[in-house]
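To keep things clear, I will list the structure first and then write my remarks on it.
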DNA sequence: ACCTCATTTCGTCATATGTCGAAACTTAGA
DNA sequence: TCTAAGTTTCGACATATGACGAAATGAGGT
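Chains as they are written, first to last, in the numbering used here: chain Y, 6 to 118; chain D, 6 to 118.
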């Protein structure tokens with residue numbers, strides 16, 4: 006029960022949904038996500054560690070950078086089944102679409118926030 | 006997005022999950038649910054109206070009593086797809102099993118709380 | 001009309017949550 | 001080793017949430 010509640014709580018914040026939808030397109034580092042969401046780095050970091058705690062995402066260190074990506078391993082049953090539903094239920098959300106565009110631009114820039 | 010967040014928030018409380026699992030066995034009136042959860046009637050009423058607001062459940066008045074049941078109409082896509090997942094992910098939760106037993110007893114009693 | 005009982009609404013309270021800025025930590029490079 | 005830049009941790013704050021009791025509402029029965 007506890008774990009199930011944690012899973013639904015993790016999905017109960019629009020910024021965390023935005024992060025998951027961004028990661029559907031591929032891994033991103035914290036600073037890229039921060040630029041798109043326009044939140045403080047500490048806030049984004051907290052969202053990311055929460056999403057990691059429920060096994061939705063994984064982190065990979067690469068030098069100074071920490072990349073996050075969707076967890077597609079066997080230990081990620083919850084998000085594996087929920088993401089398709091979210092995909093269906095958020096068909097053309099303006100914010101999500103806008104984030105998708107922003108990610109492409111941010112990726113090309115240097116990451117000095 | 007707003008609606009999706011409301012759906013996940015509705016599922017982010019153990020007492021509301023317990024209510025949904027109890028209603029899987031059939032309609033219940035507020036006082037029956039109140040006895041099983043051992044919460045104040047006002048608290049249960051609040052949970053129920055929240056679940057109704059996201060179209061998870063429907064209410065039917067019958068004299069003094071208000072019965073709640075799972076919404077199985079076409080307007081209940083969210084819960085229709087999520088309940089099977091919850092059923093799979095909460096295989097043998099002690100609280101849920103205990104609630105199921107309590108419901109059977111409470112149903113036979115008079116409902117004067 | 002009045003009374004009773006189930007339910008809801010309201011006000012209040014303690015705790016949880018999302019946010020930020022400052023400081024600490026980590027790694028790469030000079 | 002020192003500096004710079006990305007990330008995380010910590011402390012503080014405002015708001016959201018879940019709980020209660022008291023009072024209001026609604027529907028039957030006397």
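C-beta atoms are modelled at their ideal positions from N, C-alpha and C, and glycine is treated no differently.
Inter-residue Cα distance where the pair is residue i and residue j
i, j, result
"residue 57 of chain D", "residue 64 of chain D", "8 Å"
"residue 88 of chain D", "residue 30 of chain Y", "28 Å"
"residue 77 of chain Y", "residue 90 of chain Y", "16 Å"
"residue 10 of chain D", "residue 50 of chain D", "21 Å"
"residue 20 of chain D", "residue 107 of chain D", "15 Å"
"residue 13 of chain Y", "residue 67 of chain Y", "30 Å"
"residue 37 of chain D", "residue 47 of chain Y", "46 Å"
"residue 80 of chain D", "residue 93 of chain Y", "15 Å"
"residue 39 of chain D", "residue 112 of chain D", "12 Å"
"residue 3 of chain Y", "residue 8 of chain Y", "Outside the modelled stretch of chain Y, which goes from 6 to 118, sits residue 3 of chain Y, for which no answer is possible."
"residue 85 of chain D", "residue 86 of chain Y", "14 Å"
Under 8 Å between C-beta atoms of residue i and residue j
i, j, result
"residue 52 of chain Y", "residue 24 of chain Y", "yes"
"residue 44 of chain Y", "residue 62 of chain Y", "no"
"residue 17 of chain D", "residue 54 of chain Y", "no"
"residue 41 of chain Y", "residue 98 of chain Y", "no"
"residue 26 of chain D", "residue 110 of chain D", "no"
"residue 15 of chain D", "residue 59 of chain D", "yes"
"residue 95 of chain D", "residue 6 of chain Y", "yes"
For residue i, the nearest candidate out of the options (CA to CA)
i, options, result
"residue 69 of chain Y", "Y/79, Y/35 and Y/7", "Y/35"
"residue 73 of chain D", "D/110, D/111, D/93 and D/32", "D/32"
Which of the residues in the region 39 to 66 of chain D, read from start to end, lie with their CB under 7 Å from any CB of chain Y?
none
Open item on the list: I'd like the ranges of any alpha helix (DSSP H) spanning at least 4 consecutive residues and lying wholly in the region 10 to 94 of chain D.
Closed with: 19 to 28, 35 to 42, 46 to 58 and 82 to 94
task = Return the residues of the region 82 to 99 of chain D that lie within a Cβ-Cβ distance of less than 9 Å from chain Y, sorted by chain order.
result = 82, 83, 86, 87, 90, 91, 93, 94, 95, 98 and 99
Q) What residues from the region 13 to 33 of chain D come within 8 Å of chain Y, judged by C-beta to C-beta, listed N to C? A) 13, 14, 16, 17, 18, 19 and 22
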